[in-house]
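Residue numbers (the working numbering), protein chains in the order written: chain A, 2 to 379; chain B, 2 to 379; chain C, 2 to 379; chain D, 2 to 379. Data first, discussion second: the structure below is written as structure tokens.
4 protein chains.
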Amino acid sequence: MKVQRVEMFVCPSATPADTSGLQKLADSGKIRPETLVALVGKTEGTGAHDDWGRVWADVALREWTAKFLGIPVDEVAKHVIFVLSGGCPGVITPHIAAVTRQWVEMPEGRPSNDKRLVVGRSGSDAMAPEEVGRMGQIRKVAEATRQAMSDAGLTDSKDVHLVMVKVPGLTTASIKDAESRGKTVVSHDLTFGPEGAGVYANDAAALGVAMALGEVPESKLSDEVVRRDWDLFSEVAMTSSGGEKRHGEVVVFGNSTASQSPLRIGHAVTKDFIDAEGVRTALRSAGVQFKDGLPDEADLGRLVHVFAKSVIPGSDQIRGQRITLLDDADAYQIGKALGGMLVASVTGRTTNYVSGGERNSHQGPPGGNIVAAVVRTD
Amino acid sequence: MKVQRVEMFVCPSATPADTSGLQKLADSGKIRPETLVALVGKTEGTGAHDDWGRVWADVALREWTAKFLGIPVDEVAKHVIFVLSGGCPGVITPHIAAVTRQWVEMPEGRPSNDKRLVVGRSGSDAMAPEEVGRMGQIRKVAEATRQAMSDAGLTDSKDVHLVMVKVPGLTTASIKDAESRGKTVVSHDLTFGPEGAGVYANDAAALGVAMALGEVPESKLSDEVVRRDWDLFSEVAMTSSGGEKRHGEVVVFGNSTASQSPLRIGHAVTKDFIDAEGVRTALRSAGVQFKDGLPDEADLGRLVHVFAKSVIPGSDQIRGQRITLLDDADAYQIGKALGGMLVASVTGRTTNYVSGGERNSHQGPPGGNIVAAVVRTD
Amino acid sequence: MKVQRVEMFVCPSATPADTSGLQKLADSGKIRPETLVALVGKTEGTGAHDDWGRVWADVALREWTAKFLGIPVDEVAKHVIFVLSGGCPGVITPHIAAVTRQWVEMPEGRPSNDKRLVVGRSGSDAMAPEEVGRMGQIRKVAEATRQAMSDAGLTDSKDVHLVMVKVPGLTTASIKDAESRGKTVVSHDLTFGPEGAGVYANDAAALGVAMALGEVPESKLSDEVVRRDWDLFSEVAMTSSGGEKRHGEVVVFGNSTASQSPLRIGHAVTKDFIDAEGVRTALRSAGVQFKDGLPDEADLGRLVHVFAKSVIPGSDQIRGQRITLLDDADAYQIGKALGGMLVASVTGRTTNYVSGGERNSHQGPPGGNIVAAVVRTD
Amino acid sequence: MKVQRVEMFVCPSATPADTSGLQKLADSGKIRPETLVALVGKTEGTGAHDDWGRVWADVALREWTAKFLGIPVDEVAKHVIFVLSGGCPGVITPHIAAVTRQWVEMPEGRPSNDKRLVVGRSGSDAMAPEEVGRMGQIRKVAEATRQAMSDAGLTDSKDVHLVMVKVPGLTTASIKDAESRGKTVVSHDLTFGPEGAGVYANDAAALGVAMALGEVPESKLSDEVVRRDWDLFSEVAMTSSGGEKRHGEVVVFGNSTASQSPLRIGHAVTKDFIDAEGVRTALRSAGVQFKDGLPDEADLGRLVHVFAKSVIPGSDQIRGQRITLLDDADAYQIGKALGGMLVASVTGRTTNYVSGGERNSHQGPPGGNIVAAVVRTD
């Protein structure tokens with residue numbers, strides 16, 4: 002029986018277009034054209050709408066990957082999923098994590114309860130602009146999530162610890178298209194503000210994951226609950242959206258006994274915006290054992306990577322005291338930076354994947370955020 | 002023998018002009034006209050040059066204090082020292098801490114090694130604009146620090162845990178004045194940028210404290226080392242400057258056996274920008290005992306207040322990895338916000354005094370920051 | 002027959018709380034308790050949500066006015082309308098314009114076609130949160146506009162050149178109130194983003210003015226057209242909204258033969274964001290005659306004040322070329338600053354009232370902005 | 002006798018990496034490998050330190066040019082000078098202007114007083130870090146300016162209307178290098194703040210131009226006057242600096258009778274920040290004739306391009322009134338945006354080259370800015 006062997010390599014980037022880390026991995030044979038399945042990273046810059054760092058990174062990484070795989074640039078998307086999140090405010094080191102998957106023979110005698118990292122991918126059906134931020138998008142993401150679980154060889158939702166999703170958002174052109182066909186769209190606001198099309202798309206995607214994993218029953222879902230009923234959420238969905246896309250893309254990370262990976266993944270949610278213990282719980286969930294409540298250097302040495310959201314709370318209260326973050330014109334960037342600090346203060350390193358800055362989300366519970374950790378088992 | 006009994010009360014502010022918390026303290030008799038010695042707080046707003054929240058807070062608090070003390074507004078400064086730091090980005094709750102000091106008879110039989118909080122104040126001689134950021138300012142702050150120690154009844158520098166200083170900076174007018182007298186000034190840059198007059202003034206003040214406390218020998222000090230030789234620093238100086246001032250003001254906090262206070266203070270410095278352990282060390286220094294490496298809720302319940310700096314490191318490396326904070330146009334605000342998160346993630350609360358955002362400082366070691374904690378002993 | 006005699010005095014402000022200009026006007030008798038009808042001004046600061054300059058200015062001006070009128074602070078609103086717009090980016094000098102109105106006997110023999118400035122005010126019925134940004138608000142503003150015209154003695158819409166309106170917006174509390182009564186609200190976004198409650202309120206108010214003046218027939222108005230059908234707009238409405246308000250307030254400025262004012266008002270709309278000629282047209286409309294296409298210093302010496310909006314265009318094209326303003330995180334502030342420059346480059350002064358920064362509006366035609374000018378006739 | 006024939010083509014850019022406009026010029030034969038001498042443009046993005054739009058544009062344009070010229074990328078600099086200025090806030094359309102120069106036979110019978118556009122280029126000697134912002138840099142720029150004038154065939158300074166200069170700035174590494182050799186540097190501030198190394202370099206370059214053109218006598222120049230004596234300035238120097246450079250680069254634009262160009266250049270300086278008449282004067286200087294004080298559409302149709310600086314004034318007063326721009330955290334971007342509006346409101350178009358945002362400069366007189374215009378003569 003062939004099982005997965007998944008690896009993850011984190012390369013700091015010196016500039017948005019820096020592919021030298023990937024090239025070293027390629028030169029050493031750690032990543033191979035047939036094993037590379039995903040590039041997930043943070044790109045430097047403001048992360049704002051006019052931040053060209055992420056775009057340049059996407060162009061440069063796609064060119065590098067095309068050359069590495071020996072295929073045209075526009076076919077890269079079929080082979081390698083790109084999740085690039087812009088903006089490294091504060092203590093978030095720009096980096097790219099390369100994820101590889103190979104199929105190896107399962108040895109005899111592995112303990113049946115020793116679950117290891119697996120990864121699965123899927124693309125969704127095309128999503129019309131009128132579906133963005135609504136049930137149409139929710140259902141298509143749910144279906145793609147089920148397919149990606151299947152691709153990962155996962156059947157139990159409890160084994161899923163991270164689902165990264167990219168879905169179409171809205172653009173001036175796609176809104177016009179929908180309205181010319183007599184359809185309405187969820188928002189005319191193209192920003193990531195509280196009523197922006199971008200957050201509606203992200204949140205519909207999160208609810209799609211929640212539906213697929215049974216975190217939220219389908220019966221509770223409707224157009225009306227998106228960004229209204231915050232009690233509905235996923236604990237493992239990290240989603241993003243882009244106007245240029247027509248299809249959704251899903252990458253599922255989980256643990257399985259049918260895996261030969263040296264890695265294991267775990268996750269937790271923070272209870273509020275300053276909950277460092279939530280980050281530690283995520284590390285423990287992945288198998289890091291702490292003496293004395295705190296991980297020591299040896300423990301942290303086994304930590305491969307952390308993926309965290311840093312969504313700004315919908316309330317201006319943290320543990321009973323008022324904060325002014327919601328009033329801050331720079332809240333988007335500061336909110337992301339704060340998540341970076343919360344994670345770095347626990348992991349003792351700055352190469353953490355932290356995205357966020359939006360206000361409120363179905364990604365994680367109200368006020369809390371999702372943290373997933375990948376740990377080396379040996 | 003009369004000894005000090007110092008108390009500290011932290012009042013969250015609903016708006017910059019909110020004096021309701023102070024009024025409640027006054028109504029309950031916790032603060033009295035003759036015991037109030039300092040108001041130290043964080044005011045909401047951007048903390049930038051055109052943030053009027055701090056100015057409005059100063060006006061409103063000064064009016065309230067004048068009324069409370071039954072004196073004219075312009076005499077308030079003689080009785081109560083104001084340290085208001087603008088900008089509450091992220092998870093810093095706007096608040097005012099009222100410090101009171103009364104003189105009580107020392108009871109018999111107190112163990113001689115039980116040191117408790119004392120506070121002392123002093124004003125400096127007037128500082129000419131040509132002295133700002135230079136030896137003149139350093140020496141005058143050193144002298145005022147010695148006087149404030151004396152006022153606090155402290156003789157050993159090791160008992161000093163926090164020295165808050167306000168000094169004159171430069172203005173267009175004071176530069177003109179100096180130059181008309183044939184003098185030069187340290188900078189024509191009136192911002193808090195790396196060569197700004199504001200940071201030169203702050204850093205001369207920090208070196209003045211370091212000189213008074215023997216942290217830096219006078220022989221190593223000169224105009225040339227200010228903002229050049231980062232190996233010279235104080236571990237307890239938190240300083241600020243304002244163009245409108247002509248004299249320095251110093252408040253010293255320390256522990257003494259000649260004190261009947263229910264409070265104790267301690268401090269530590271972080272080793273780098275993400276060093277949560279440094280914050281925990283400050284708490285331990287003040288007498289909070291942690292089980293299992295982490296303070297529990299009962300421990301934190303005894304914590305009265307934390308004072309922390311969050312100076313941005315001069316280097317773009319944290320534990321060997323690059324961060325992009327130094328390139329960020331919003332670094333001033335984000336740097337401050339990050340310090341707020343580092344402290345809040347340890348203290349489990351957001352009412353912490355955190356100032357900073359400037360790049361590099363003689364307040365604390367290179368890359369590290371000062372954290373002081375006040376704890377209730379019973 | 003008693004007719005109005007309206008005057009307008011522009012006082013630059015040295016700080017948000019500066020009332021010295023008003024005090025000088027009071028001391029000289031130019032404004033009197035019984036003649037002061039409105040204070041309209043720009044306050045310094047970022048103009049963002051956490052800009053306390055405007056709040057402080059409001060508090061300080063209201064206290065001054067209460068003292069001037071000899072009434073309690075909370076009765077000031079009954080006598081003097083305050084329109085304070087926050088944010089003076091670029092070349093907009095912070096200032097307060099005091100508007101006075103007295104009733105004087107109309108002399109015989111004034112030419113019947115010589116129209117002069119009149120002003121009228123009105124408050125609207127209370128507006129429920131579910132009415133904000135919808136027909137309820139539109140109708141109540143329309144009614145109040147008609148009343149204010151009547152108060153001004155104006156019967157012909159063509160004589161109306163500026164209608165300043167303040168209406169209630171939404172708050173967390175008022176949304177909760179509406180939803181608890183089974184009502185929906187126009188937006189959960191409390192910002193001034195493209196789908197924000199603030200702009201919906203502003204735009205409903207603008208359409209209310211348009212309805213009252215016959216610029217848009219009532220038959221074309223519905224909840225659905227607000228911020229959707231940009232062909233519906235007013236050429237004279239400058240509106241703002243605040244969550245703290247329950248009623249609308251309207252001030253109408255126009256010209257009438259039944260006026261003894263030394264001033265006259267005119268207005269125009271710019272055709273696009275860089276249309277300096279539109280500003281000149283507004284000056285001409287008020288009676289400034291230009292030789293050679295450009296006003297000379299004598300012409301501009303008769304100019305009392307300019308009121309202008311600077312709404313960011315909904316399109317990223319100006320005269321066929323792309324601009325990137327819509328992508329700019331600071332667009333709100335930059336958009337306002339640009340309007341300030343456009344006006345100042347024509348008027349040759351910086352004490353112009355320029356508000357704006359929001360994206361698209363029913364205040365003025367698509368891409369264009371409203372400019373009103375007040376000119377001394379003698 | 003061979004004389005120059007210079008052309009200038011302005012291509013709007015759809016993205017920072019957009020070379021389609023250049024490609025069209027190449028396809029049509031308007032630019033040829035042997036005639037292309039300079040690419041001067043504005044790139045979109047924030048223009049701040051972490052704006053990657055400009056860097057990406059530089060990479061993409063350099064690659065395109067290498068391919069076009071059939072040479073390696075690192076030889077492009079020898080053939081084509083790149084002047085890319087980052088940041089298009091407000092109404093500045095991102096664009097690239099291609100400048101071509103060919104040598105043609107001078108026909109008989111051209112009127113001897115008909116001066117047309119010529120261009121000349123030169124590189125300077127290497128500049129050591131200790132020379133940056135000081136006399137060393139001033140002298141080397143002066144020498145390179147003289148050489149570029151010579152290359153342009155210009156002998157009279159009055160015929161020079163625009164000198165674009167790029168010089169080395171300072172970096173952490175180059176400061177370390179200088180100090181290790183016992184040298185001092187002009188500033189440790191690597192920003193473009195008022196005491197930043199970047200503005201010292203820019204201003205030394207401007208004084209170098211002023212020295213070469215005789216605008217400032219060498220006897221008045223010294224290290225001490227840089228950014229201190231604002232009465233010393235050039236009316237035609239637009240300068241920039243970059244840490245990565247070791248040599249200066251100079252491009253001179255002027256008019257000469259020894260030219261067959263269809264273009265002519267002129268310039269003027271604005272008297273203050275809102276002086277639209279200064280922009281019109283620059284157009285007139287280039288030969289645009291205005292009827293009625295304002296250029297009409299036909300006049301503007303002959304306008305090829307405008308180059309303008311928008312340096313923020315050193316004073317907070319414009320025509321006697323206070324502005325708050327100097328206090329604004331976003332002053333760098335807003336200052337640039339305002340210059341863009343001032344020019345666009347006169348030229349009726351947004352494809353203007355406008356750089357700036359720094360505070361005070363030897364580029365232009367105190368408070369004023371340089372504007373150069375290129376006009377088609379036929």
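Note that CB positions come from ideal geometry on N, CA and C, so glycine has one too. Just so we're clear, the structure is a prediction, and the values are computed from it rather than from any experiment.
Checking the DSSP bridge columns, you'll see residue 367 of chain A has no partner listed. Along the region 87-110 of chain D, going in chain order, the ones with a CB nearer than 9 Å to a CB of chain C are 89, 90, 91, 92, 93, 94, 95 and 96. Under the Cβ criterion (8 Å, minimum of three pairs), the region 289-300 of chain B does not count as touching the region 64-73 of chain A. In this structure, residue 224 of chain C lies near residue 136 of chain C, with their beta-carbon atoms less than 9 Å apart. For residue 203 of chain B, the enclosing alpha helix (DSSP H) covers residues 198-213.
Straight across, the Cα-Cα distance linking residue 220 of chain B with residue 364 of chain B is about 19 Å. Cβ neighbours of residue 184 of chain A within its own chain (closer than 8 Å, five residues either side excluded): 129, 130 and 131.
For the region 10-21 of chain D, the set of positions with a beta-carbon nearer than 8 Å to some beta-carbon of chain A reads 16, 17 and 18 in chain order. Closest in C-alpha terms to residue 159 of chain D, from the list D:189, D:116, D:27 and D:175, comes D:116. Residues of the region 290-317 of chain C with a C-beta atom less than 7 Å from some C-beta of chain D are 293, 294 and 295, listed in chain order. A Cβ-Cβ contact shorter than 9 Å links residue 234 of chain A with residue 207 of chain A. Here residue 35 of chain A is exposed. Its C-beta has fewer than 16 other C-beta atoms within 10 Å. Interface criterion met: the Cβ of residue 60 of chain C is under 9 Å from a Cβ in chain B. For a Cβ distance threshold of 8 Å, residue set 188, 189, 190, 194, 196 and 197 of chain B lies close to residue 196 of chain D, ordered along the chain. The beta-carbon of residue 49 of chain A is placed less than 9 Å from the nearest beta-carbon of chain D. Just measuring C-alpha positions, the residue of D:340, D:203 and D:190 sitting nearest residue 197 of chain B is D:190. DSSP links residue 221 of chain A through a beta bridge to no other residue.
Contact between residue 265 of chain A and residue 238 of chain A does not hold, since their C-beta atoms are separated by about 20 Å, which reaches or exceeds 8 Å. Under the three-state reduction of DSSP, residue 8 of chain C is assigned to strand. Between residue 22 of chain A and residue 358 of chain D, the alpha-carbon positions lie close to 37 Å from each other.
Relative to the Cα of residue 94 of chain A, the nearest Cα in the group A:367, A:356 and A:374 belongs to A:356.
In this structure, the alpha-carbon of residue 307 of chain B lies about 10 Å from that of residue 351 of chain B.
For residue 368 of chain A, there are no C-beta contacts with chain D under 7 Å, since the nearest C-beta of that chain is about 29 Å from it. Between residue 135 of chain C and chain A, the shortest Cβ-Cβ separation is not below 9 Å. DSSP lists D:308 as the bridge partner or partners of residue 354 of chain D. Under the three-state reduction of DSSP, residue 162 of chain C is assigned to strand.
Approximately 4 Å separates the beta-carbon atoms of residue 253 of chain D and residue 149 of chain D; this is inside 8 Å, confirming the contact.
Within the region 27-71 of chain D, the complete alpha helix (DSSP H) segments at least 4 residues long are 53-70, listed from N- to C-terminus. Residue 140 of chain D has a beta carbon lying at 9 Å or more from every beta carbon in chain C. The beta-bridge partner set that DSSP reports for residue 104 of chain A consists of A:5. For residue 139 of chain D, the uninterrupted alpha helix (DSSP H) run begins and ends at 136-153, by DSSP. Rounded to whole angstroms, residue 371 of chain C and residue 362 of chain C show a C-alpha spacing of 11 Å. Listed along chain D is no residue with a C-beta nearer than 8 Å to that of residue 52 of chain C; the closest approach is about 12 Å. In the structure shown, residue 335 of chain A falls within a helical segment according to DSSP collapsed to helix, strand and coil. Not flagged as an interface residue toward chain C: residue 372 of chain B, since no C-beta distance is shorter than 9 Å.
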